[in-house]
Structure formats: structure tokens, C-alpha cells
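Chains as they are written, first to last, in our numbering: chain D, 1 to 132; chain S, 133 to 382; chain Y, 383 to 500.
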Amino acid sequence: MSARRPYIRSMDGWWRRDPFFIRYMIREATALLVVAYAAVLLLGAIRLAQGESAYERWLAALRSPWSLAFHLVLFAGLVYHTWSWFQIVPKTMPSISVGGKKLQPAVITGTGLVAAAFVSLVLLLLLLFIGS
Amino acid sequence: MNETHKVIAIEVLRYRPELDEKPFFQTYQVPFTEEMSVLQGLLYIKDELDGTLSFRWSCRMAICGSCGAMIDGVPMLGCHTFLRDYYPNKVRVEPLAHFPIERDLVVGADDFIGKLERIKPYIVPKEPRTLAEGEYLQTPAQLERILQFSSCINCMLCYAACPQYGLDPAFIGPGVLALLHRYNADSRDAARADRMQLVNAEEGVWSCTAVGYCSEVCPKGVDPANAVNQNKTASAADYFLHWLPKGSGK
Amino acid sequence: MKRSNAPIFWTLFGAGGMLSALIGPMLVLITGIAVPLGFLLPADLMSYPHMLKFAQHWAGKAFTFAVVSLFLWHGVHRIFHSLHDLGLKTATGAKLTCYGVALLGTALAAYSLLVIGF
Chain D
1 MSARRPYIRS
11 MDGWWRRDPF
21 FIRYMIREAT
31 ALLVVAYAAV
41 LLLGAIRLAQ
51 GESAYERWLA
61 ALRSPWSLAF
71 HLVLFAGLVY
81 HTWSWFQIVP
91 KTMPSISVGG
101 KKLQPAVITG
111 TGLVAAAFVS
121 LVLLLLLLFI
131 GS
Chain S
133 MNETHKVIAI
143 EVLRYRPELD
153 EKPFFQTYQV
163 PFTEEMSVLQ
173 GLLYIKDELD
183 GTLSFRWSCR
193 MAICGSCGAM
203 IDGVPMLGCH
213 TFLRDYYPNK
223 VRVEPLAHFP
233 IERDLVVGAD
243 DFIGKLERIK
253 PYIVPKEPRT
263 LAEGEYLQTP
273 AQLERILQFS
283 SCINCMLCYA
293 ACPQYGLDPA
303 FIGPGVLALL
313 HRYNADSRDA
323 ARADRMQLVN
333 AEEGVWSCTA
343 VGYCSEVCPK
353 GVDPANAVNQ
363 NKTASAADYF
373 LHWLPKGSGK
Chain Y
383 MKRSNAPIFW
393 TLFGAGGMLS
403 ALIGPMLVLI
413 TGIAVPLGFL
423 LPADLMSYPH
433 MLKFAQHWAG
443 KAFTFAVVSL
453 FLWHGVHRIF
463 HSLHDLGLKT
473 ATGAKLTCYG
483 VALLGTALAA
493 YSLLVIGF
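Written as C-alpha cells, this is what we have:
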């Protein structure tokens with residue numbers, strides 16, 4: 001007869017056990033904000049299809065203090081998403097060698113963040129150009 | 133015992149299946165010197181204070197992979213962690229998380245070993261060669277692709293760091309997937325197609341959510357998260373290619 | 383072992399994650415803060431005639447469709463996995479709900495953009 005009686009520990013609240021896991025959960029929670037923002041834009045597209053008065057109401061709602069505050073939260077969340085996304089990108093890539101030396105994860109993360117800043121700036125400048 | 137010894141409190145999670153309904157903490161006062169590891173602290177307890185304490189160990193030099201434990205909540209090798217870094221606070225030692233506790237700090241490794249066997253953790257040659265034909269040669273660049281992943285010592289710290297394994301033990305898990313990648317990426321190996329069937333399953337790479345803690349705790353710099361996540365790309369390619377008519381593609 | 387169909391959802395998740403990481407913060411800043419306040423950018427940039435013209439152009443349609451649908455597929459994939467992380471055992475219902483939301487949003491975006499015309 002076996003004397004084995006393995007004890008299985010509970011996983012309840014596992015993500016509170018380590019700061020690393022808390023950062024992971026915050027990263028995953030940014031998804032709620034990404035979905036919320038997509039919903040705002042989707043509603044705009046639907047209102048645009050419904051005609052001018054429907055669209056004007058959507059636009060007016062965007063100007064309310066509640067909306068502005070909400071978009072500040074969205075902005076902070078999406079900045080964290082950008083930062084955490086490029087932190088994890090090096091993990092998803094095969095190792096790249098440049099001149100016989102392995103590319104360091106920090107270099108890949110940095111390149112991603114610079115690319116995001118560059119694309120965002122181009123987008124803004126394009127709109128400034130169109131707007132003027 | 134010379135009087136310059138400091139004394140640190142080591143709090144150990146005990147579980148004796150024939151006596152205890154559930155695990156409990158027991159604290160030991162252990163005199164220690166600057167160069168003493170947590171493993172040496174446990175050995176002191178076993179030799180001098182309480183012979184009933186059970187734990188695994190062998191090499192004492194971070195190569196056998198036996199003495200992994202949760203040290204103050206972090207998966208670490210007992211031999212690779214020093215008491216001086218915790219003093220004057222106490223240090224808490226628990227069995228590796230996510231594994232069933234067999235006794236005290238000893239966890240059941242059956243699941244891990246079973247998974248390890250399933251991935252064919254050895255090179256399957258493309259064609260058998262006679263001794264006279266010589267070695268299977270590999271260029272430095274080909275070696276570079278597998279070297280890091282071949283450093284795994286099967287210590288299971290990455291499993292104790294992986295919440296997805298804790299939540300669903302069917303997940304093949306970081307360490308074994310890293311070894312799988314080590315053989316799949318080897319230029320001399322021909323069993324990739326077999327191993328991809330494991331990679332492609334939900335229990336393969338798709339249970340991973342890129343938490344990334346496995347790579348943080350690895351004492352050998354293997355970076356299992358990288359092995360798992362670059363195989364998501366490989367598995368996705370394999371998935372979309374299998375829709376192509378037979379004969380086209382690969 | 384059974385082949386997982388996760389690559390479909392993971393590919394959409396990855397595409398949406400990359401797109402939102404690259405331009406997400408700036409888009410929020412533009413559509414949610416700068417234009418409504420008329421700060422930095424003119425307030426009429428998103429006026430009805432301007433946005434209609436934008437959405438009638440094939441490039442505007444493609445951009446709007448990509449942003450709305452990929453952001454949705456990215457988000458719901460993570461939310462689905464987070465539900466599992468938080469201990470939800472039976473995954474089928476959660477999976478249908480999460481990916482269903484993204485599919486519905488994608489269909490609504492496509493329908494609206496088609497109604498807007500060319």
C-alpha cells in the first residue's frame with residue numbers, strides 16, 4: 001500500500017503573491033480599455049452611417065467632461081499597453097544576430113518604442129497638415 | 133560553534149502525509165556564516181536540529197537541479213541563494229509552487245518527468261550513420277541557435293513561476309517546451325514534425341499567456357518564455373499551412 | 383494531441399496588439415482629447431462633412447475597419463484569458479461571449495462602412 005498522500009495547494013489569489021504577477025494582471029487589464037476605445041470608435045462609425053444629426057450627438061458626447069476624463073484614463077492605459085507590449089515582443093522573436101552578436105532584448109524593446117513614437121508623430125503631423 | 137556566528141530564523145513549510153492534515157510552518161534557529169547557502173541552512177537543521185525534515189539535494193553547485201524551493205515566495209535553488217541576503221529577517225522556505233507536496237519540501241515530479249519523456253528529448257538523426265562515416269557536424273551559427281536552450285537542468289523553477297501551469301497542469305509548461313525547442317531547432321534533428329503535434333495543441337504553446345516570469349527565475353539563463361513564444365509563431369505558420377492542399381508548401 | 387484553433391485568434395490578437403501599441407495612445411489623444419477640446423488640432427477636423435469624406439475614401443474605410451476590429455480582437459482575446467486566470471473553469475461560454483463580441487463589432491463596423499458608401 002502506498003503511503004503517498006500528495007497535498008495540492010490552492011491557486012486562489014495567485015496573482016497577489018508576487019509583484020511580477022500584479023504587473024502582468026495590469027498589462028492584461030489594459031485590454032478592457034482597448035475594447036472600450038474600439039467601442040467608442042465603432043459607435044462613431046455607426047452614427048456616421050446613420051446621418052448628420054446622429055453623428056453630431058456622438059461628437060457632442062465626446063466634448064462632455066465625463067468623456068474627456070474617460071479618454072484621459074484610456075490614454076494612460078494605452079500608454080501602459082504600448083510600453084508593456086514592446087517589453088514582451090523580444091520574447092516572441094527568434095534570436096537575431098547583428099554582426100555576429102545577439103541582439104539584446106532591451107534593443108528590440110527600444111526599437112519598438114521608438115517606432116511607436118515615430119508613427120504617432122507622423123500621424124499627428126499629417127493631421128496638423130490637413131487641418132491647416 | 134564560534135561566537136561570531138549570527139543566528140537566522142528559517143521558517144520551513146512542513147507536511148508529513150501520515151501525520152498532518154495540511155502543511156504548517158515550523159521555525160528553526162540556525163547559526164550561519166557569510167558563505168552559507170539556504171541549502172546548507174536546511175542541512176544544518178537536518179543534522180543538528182530535526183532529522184525528520186525532508187528535502188532533495190545533491191550537487192550543492194547549481195548544476196543538478198534538485199534543491200529548488202520557494203524562498204521567500206520566489207522559486208530559487210537552495211544552493212544558489214545565501215542566508216546573509218535575508219538576515220536579520222527570517223527566511224521562509226516552501227516546496228516549489230504548483231506541484232503536489234509529497235513530504236516537507238519534496239514535491240512530486242512525476243508529471244514533469246512524464247512530459248519530458250513525451251517530447252523525445254534527444255536528437256533523432258535524419259538518417260542513421262555508421263561510425264566510419266564520422267560525426268554529425270554543426271556550424272557555430274547552428275550551435276548558437278540551440279546552445280542557450282540546452283542549458284536547462286530540469287530544476288522545475290520555471291514551473292513554480294508559471295501560473296498557467298498552476299491553473300492547468302495539463303499545460304506542457306515552460307521547461308519542457310524549451311527543451312522541445314532545443315531539439316526542434318537542432319540542425320541534426322529530424323523529429324520536428326512529431327514534436328510540432330505537441331506544440332500545436334492547446335496544452336502545447338497555446339496555454340501560455342506570455343507572463344514571462346519563467347525566464348526571470350531560470351538559474352541557467354535558458355529563457356523558456358522565448359522558446360515557448362517563438363513557437364507560437366511556428367505553430368501558427370504550421371496551422372495556416374495545413375489548410376493548403378497536400379503537396380503544396382511542405 | 384488535438385490541434386488547437388488558437389492560431390486564428392492569436393494572430394488577430396497579435397495584429398491588434400501591435401497596431402494599438404503603435405498608434406493607440408495617439409489616436410485616443412486625437413479623437414478623445416485634442417479634437418473635442420480644439421487643442422493642438424482644429425475642432426472641425428472630425429466634423430460630419432470631414433469624417434464622411436474620410437469614411438467614403440477606401441483608405442479611410444480600411445483604416446477605420448482595421449482599428450475597430452483589430453482592437454476588439456486584441457482586447458477580447460486577453461479578456462478571455464484573464465477570465466481563465468481569475469479561476470473561471472468552464473471556458474466555452476466565456477470563449478463564445480468574448481470572441482462573439484469581437485465578431486459582432488467587426489460585422490457592425492463593416493456594415494456601417496458599407497452603408498456610408500463610396
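Glycine residues also receive a C-beta, built at the ideal position from the N, C-alpha and C atoms.
Query	Result
Measure from the alpha carbon of residue 77(D) to the alpha carbon of each residue in 105(D), 110(D) and 35(D), then state which is nearest.	35(D)
Of all Cβ atoms in chain D, is any one closer than 8 Å to the Cβ of residue 491(Y)?	yes
Compare the C-alpha of residue 11(D) against each of 295(S), 343(S), 351(S) and 153(S) and name the closest.	295(S)
Do you know how far the Cα of residue 326(S) is from the Cα of residue 240(S)?	27 Å
By the 10 Å Cβ neighbour count, where 16 or more other Cβ atoms means buried, how is residue 498(Y) classified, buried or exposed?	buried
Closest to residue 405(Y) by CA distance: which of 466(Y), 450(Y) and 479(Y) is it?	450(Y)
Against chain S, with Cβ distances strictly below 8 Å, would residue 80(D) count as a contact?	no
Strictly under 8 Å for the Cβ-Cβ distance: is residue 306(S) near chain D by that measure?	no
With distances taken Cα to Cα, identify the nearest neighbour of residue 445(Y) among 392(Y), 488(Y), 421(Y) and 429(Y).	488(Y)
Looking only at DSSP bridge pairs, what is residue 159(S) linked to?	143(S)
Does the region 427-435 of chain Y touch the region 137-150 of chain S, meaning 3 or more C-beta pairs lie closer than 8 Å?	no
Please confirm whether residue 131(D) has its beta-carbon closer than 8 Å to some beta-carbon of chain Y.	yes
Under a three-way DSSP split, which group does residue 237(S) fall into?	coil
Sorry if obvious, but does the Cβ on residue 191(S) come closer than 7 Å to a heavy atom of the ligand COA?	Ligands are entirely absent from the displayed structure, and the ligand COA is therefore not among its contents.
Please state if the CB of residue 223(S) and the CB of residue 215(S) are separated by a distance shorter than 8 Å.	yes
Taking the alpha carbon of residue 259(S) as the reference point, which residue from 245(S), 247(S) and 319(S) has its own alpha carbon closest?	319(S)
The beta strand (DSSP E) that contains residue 209(S), what's its start and end?	206-209
Assign residue 28(D) to buried or exposed, taking buried as 16 or more other Cβ atoms, counted over all protein chains shown, within 10 Å of its Cβ.	buried
Could you tell me which chain Y residues have their CB closer than 7 Å to the CB of residue 85(D), listed as they occur along the chain?	399 and 403
In three-state terms, what does DSSP make of residue 382(S)?	Low local confidence applies: a pLDDT of 45 at residue 382(S) is under 50, so the model's placement there is unreliable, and no value is given.
Between which residues of its own chain and residue 312(S) is the CB-CB distance below 6 Å, once the five residues before and five after are set aside?	251 and 327
Cβ of residue 247(S) less than 8 Å from any chain Y Cβ?	no
Say whether chain S places a C-beta atom closer than 8 Å to the C-beta of residue 484(Y).	no
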